[in-house]
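Participant: One structure, pasted below without further comment.
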Amino acid sequence: MAPPPRLRPMRAEDVDECERLCADAFLAADLAGTPRGAPEPARRSPERSARWVARTAAFLATDPAGCVVAEDDDGLVGFATSVVRGRLWLLATFAVRPDRQGGGVGARLLAAAERAGRAAGCDRAMLSASDDPRALRRYWAAGFALHGQRLLVGEVDRAALPATSGLRDGTPADRELCDVLATQRRGAGHGPDHDALAAQGDLVVDVRGEGFAYATPSGPALVASRDEATARRLLWECLARTDGEAEVGHVTGANPWAVDVALTARLSLRHEGWLGVRGLDAPRLYLHHGALL
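Numbering that gives the first Met the number 0 puts the sequence shown at residues 0 to 292.
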């Protein structure tokens, strides 16, 4: 029998190969879950791949202890990237090459990445997962409570958009306020991850300091608020800024207000993925980012 893959710290020169491995693994999972006769899922766009590479390079720069790869003589077999923000450990991305899944590589990678969180004294954790049953069983065995996520997608009914007020464009000077709000919602701020969020969308801030969002051309990348009225206004503003098809993703059962807003905007509702939490409840008044959480 061939020896098991070796685990080692991720290096900067691994990032491009990790992106290709991740894209292949997620595409394989999407294909497996596609009903017969339905259109096949598309590969990542070059723009999305470039964002993935930049984000992962940033994870490696800020949190090298939480980034690990598995390799054999033929190259990379899998990897995991994770970061520590305050007392919160976040699993950012986790993938195993499709032809090597089911052999225990994933469990070893997850355990290696989690050691960084334990070493930092983290008592809570979050991750965003696909519907892959093997990965979900692994997260469940690691103590994560799994909450179904809704995705709302479609063309925004512009006639349904209300007038919004009390919001302004944010600046880097607002990041400290944003981290206070995020800490109230999920137990930790975003710290250096604001750079990646700002590269993806515009920061929108409530003038009273009650909430913030990152608005992209396709919808919200993240929303956090102290109260529901502000959360609704921020989400409406994100939808008003969309260009073409809009997406409101990562909506758990803790945030029915977001479903209400998106359905009022005439978007369609479906299930997509899971939020895993350990040591905390699914955050309320908070729509998390898929990788930055």
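Don't be surprised by glycine CBs; every beta carbon is placed ideally from N, CA and C.
1) Around the C-beta of W139, are 16 or more other C-beta atoms found within 10 angstroms, so that it is buried, or is it exposed?
2) Enumerate in chain order the residues of its own chain whose CB-to-CB distance from P63 is below 8 Å, with the five nearest sequence positions on each side excluded.
3) Identify every run of the alpha helix (DSSP H) within the stretch 83 to 147, keeping only runs that are complete inside it and at least 4 residues long; order them along the chain.
4) I'd like the list of long-range same chain contacts for T263, defined as Cβ closer than 6 Å, with 5 residues on each side in sequence excluded.
5) When burial is assigned at 16 or more other CB atoms within 10 Å of the CB, is T170 buried or exposed?
6) Report yes if the C-beta distance between E113 and W88 is below 8 Å; otherwise report no.
7) Quick check on D259: does DSSP put it in helix, strand or coil?
8) From V95 to F78, what does the alpha carbon distance come to, in whole angstroms?
9) Taking the alpha carbon of A281 as the reference point, which residue from V83, A253, D13 and A257 has its own alpha carbon closest?
10) Beta-carbon separation of S127 and H270 under 8 Å?
11) For R123, which residues in the same chain have their Cβ closer than 7 Å to its Cβ, ignoring the five residues on either side in sequence?
12) Quick check on A118: buried or exposed, where buried means 16 or more other Cβ atoms within 10 Å of its Cβ?
13) With H, G and I counted as helix, E and B as strand and the rest as coil, what does DSSP make of L292?
14) Going by CA-CA distance only, name the one from G200, E227, T229 and R207 that's closest to A220.
15) Taking the straight line between their C-alpha atoms, what separation do you get for H189 and C177?
16) In terms of alpha-carbon separation, which member of P216, L166, A22 and R167 lies closest to A245?
17) How many Å lie between R99 and T251 at the Cα?
18) Below 8 Å between beta carbons: does that hold for H193 and R174?
Facilitator: In this structure, then:
1) exposed
2) P8 and M9
3) 104 to 118 and 132 to 140
4) A159
5) exposed
6) yes
7) helix
8) 7 Å
9) Checked all of V83, A253, D13 and A257; the closest Cα to A281 is A253.
10) The beta carbons of S127 and H270 sit no closer together than 8 Å.
11) R86, L87, G186, R277, G278 and L279
12) exposed
13) coil
14) When only C-alpha atoms are compared, the closest one is G200.
15) 8 Å
16) P216
17) Approximately 31 Å between the Cα atoms of the pair.
18) yes
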